Amino acid sequence: MKVDPQITAADMHASTSRVFELAAGKLRPLDRDQSSRPLFSHASRRAVDDRTAKGEYGFRGCIVNVSSVSAAAASVDRGDYCISKAGVAMATQLWAVRLAEFGIDVYEIRPGIIATDMTAGVKTKYDALIANGLTLEKRWGTPGDVGKSRRHPGPQ
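Residue numbers (my numbering): 4 to 159.
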């Protein structure tokens, strides 16, 4: 079986929960979705199961999880989102360690502020922040920027 790069992203909207306002009931669905979707996607599981069962080591497979800069950059207004993205970061590390012996590399991409439907509601706020130096480049990121951040060389 040929395993092309498997790219996963949990694209749930971030809420605006302040850290002290977090409730377990609100955090659990977001955390469960954000942290586990990359690990338990059908394509990821199938690729891993096939590779580990058959022992096909003629090339290196690749899983790329797309999370967020919020995995490491604390934002008290989006605490639940930050916690869930930190979960994706740790899950990625655990899978990387576990799957290395099967020739499956696991990476994480942590985009910053990306112009998408998810960020449309905060565009005015972030336009001002970006203009005042929030980002290294004074512009929004694009989905294309994220796509260019990881190129897989294919079967080797």
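Built from N, CA and C at the ideal position, the CB exists for glycine as well. It should be emphasised that the depicted structure is a prediction, and the values quoted were computed from it without experimental measurement.
Nearest residue (CA-CA) to residue i, options the options
| i | options | result |
| --- | --- | --- |
| Cys-65 | Asp-80, Gly-106, Ala-76, Tyr-84 | Gly-106 |
| Gly-144 | Cys-85, Ala-123, Pro-114 | Pro-114 |
| Arg-142 | Gly-150, Ala-118, Leu-97 | Ala-118 |
Close-in-space but distant-in-sequence residues of the same chain around residue i (CB under 7 Å, 5 per side omitted)
| i | result |
| --- | --- |
| Val-22 | Residue placement at Val-22 is flagged as unreliable, the pLDDT there being 48, under the threshold of 50; the coordinate-derived value follows with that caveat. So the qualifying residues of the chain are Val-79, Gly-82. |
| Cys-85 | Ser-73, Ala-77, Ser-78 |
| Val-149 | Val-69, Ile-112, Pro-114, Ile-117 |
| Val-100 | none |
Residue i - containing alpha helix (DSSP H), residue span
| i | result |
| --- | --- |
| Asp-130 | 126-134 |
| Gly-150 | 146-151 |
Beta-carbon proximity list for residue i, same chain, < 8 Å, skipping 5 on both sides
| i | result |
| --- | --- |
| Thr-95 | Pro-41, Asn-68, Ser-70, Val-109, Tyr-110, Glu-111 |
| Ile-133 | Ile-116, Lys-141, Arg-142, Trp-143 |
| Gly-147 | none |
| Tyr-129 | Ile-116, Thr-122, Leu-137, Trp-143 |
Start and end residues, beta strand (DSSP E) containing residue i
| i | result |
| --- | --- |
| Val-79 | First-last for Val-79: undefined, no H or E at that position. |
| Ile-112 | 107-112 |
| Ile-66 | 64-69 |
Own chain, CB closer than 6 Å to residue i, minus 5 neighbours either side, in chain order
| i | result |
| --- | --- |
| Trp-98 | Val-109 |
| Gly-157 | Its pLDDT being 46, under 50, Gly-157 is placed unreliably by the model, and the measurement read from it follows with that caveat. There are no such residues. |
| Ala-152 | It is worth fixing the name first, because residue 152 is Ser in this sequence and not Ala. Cβ neighbours of Ser-152 beyond the five flanking positions: Ile-112. |
- Does the pairing of the stretch 110-130 with the stretch 90-99 give three or more beta-carbon distances under 8 Å? They touch, by the three-pair rule.
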